[in-house]
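What follows is a short report on a single structure.
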Amino acid sequence: MKKRFTMLIFGILMVVVAAGCSSGREKNSNDTAQNEADEELPSNFVAFGMYSNERDYIDNGSSLNRETAENHMVEIEQNLNREVKYLLLAFADYRQVSFYVDGTEYVKFPFSLDKKGTRDINISHSQLSDCRELTYLIIPDCEEKVQEDDIEQLLNISSIYSMRYLLDFGTKFVPEAYKEPQKAIIDQEGIFLSSSEKEQEVLTVVKRDFPLYLHIAVKDPEVKDYLFFMLNDWEQVPIGEDFYFYLKNDPSAGWIQEINVSGMEPDSNFQIVGIPNPFQDFDFYSNKAVYYTHRIHVVE
């Protein structure tokens with residue numbers, strides 16, 4: 248049986264990311280390819296993809312009918328030098344939803360892979376209704392927390408693997424991007440979680456009773472609109488007055504959004520996720536499924 252996965256190469260990953268990653272942006276740090284044959288996954292690769300119940304591969308960025316959207320399989324395979332603990336999350340129109348794996352309901356599905364391991368996850372959905380988009384996030388090293396000022400560790404664990412699909416039965420209105428945060432001049436591209444409204448920092452550990460400011464600057468003119476949402480211990484939490492916010496891209500400027508982490512659990516993970524919105528074309532959609540991401544350790 249043929250395999251056709253999105254494959255992530257880790258051998259030179261951190262060198263590429265470090266070149267521009269005070270932001271935590273992936274920025275082509277994960278080379279993608281298609282594995283067309285039944286052969287062993289190369290060393291330092293992670294591969295993942297969606298299959299229909301008939302074992303037909305479904306390209307990232309494809310449009311799904313209701314039958315496939317509500318019942319399918321996600322497969323992930325790795326060939327690394329260590330065991331990895333993962334979580335699988337699902338989002339319908341950017342709101343986290345529960346789903347079923349082999350008949351059991353999950354908001355976040357945990358699984359582990361050995362150094363050379365494969366996992367087939369049989370999934371069914373009951374909450375897609377009239378939604379327009381289904382997104383999966385795969386969180387590696389989900390239990391690991393960033394230590395104070397450990398940028399190397401931050402680079403190693405901030406990545407998120409993603410799959411995004413349109414739903415051809417969806418009729419729900421998805422609002423166009425709008426400008427909510429304060430506009431600002433931000434010279435350096437990326438996401439910065441800072442304790443200052445005026446200065447961009449790369450925080451790794453934050454206290455719950457201190458205000459944070461999300462500095463956003465996207466210089467890619469191809470990204471017209473995008474949205475951001477937040478996860479605390481891998482469950483979606485409000486950002487601003489909603490569970491996500493849209494922005495119109497302005498390559499000449501940036502945005503500042505105040506973030507409140509006072510209600511988050513102590514000793515927990517906090518992750519910002521940014522994705523282009525809406526769907527434009529297959530290549531753009533699949534290659535830039537998650538555009539920015541940054542993990543922080545919340546302490547008391």
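Using the numbering used here, read the sequence shown as starting at 248 and increasing by one per residue.
Positions of the beta carbon are idealized from the N, C-alpha and C atoms, including for glycine.
Contact annotation: the region 344–353 does not touch the region 385–401, with fewer than three C-beta pairs closer than 8 Å. Sequence-distant Cβ neighbours of Glu-324 in its own chain, meaning closer than 6 Å and more than five residues away, are Leu-288, Ala-294 and Thr-365.
Per DSSP, reduced to three states, the secondary structure at Glu-287 is coil, with no helix or strand assignment. Excluding the 5 residues flanking it on each side, Glu-482 has same chain C-beta neighbours closer than 8 Å at Gln-343, Val-354 and Lys-355, in chain order. In terms of Cβ geometry, Leu-334 and Ile-368 do not form a close pair [threshold 9 Å]. With distances taken between CA atoms, Pro-387 lies nearest to Leu-360 out of Val-508, Ile-370, Leu-413 and Leu-360. Contact check for Leu-450 and Ser-442: beta-carbon distance about 7 Å, within the 8 Å limit, so the pair qualifies. In the DSSP annotation of this structure, the continuous segment of the alpha helix (DSSP H) that includes Ile-404 starts and ends at 398–404.
DSSP places Glu-317 in the uninterrupted alpha helix (DSSP H) bounded by 313–317. Look at Ser-376 here: in three-state DSSP terms it is coil, with no helix or strand label. Taking C-beta separations shorter than 8 Å and ignoring five residues to either side along the sequence, the partners of Lys-419 in its chain run Asp-340, Ser-376, Asp-377, Cys-378 and Arg-379, following chain order.
For Glu-444, there is no enclosing beta strand (DSSP E), as DSSP marks it with neither H nor E.
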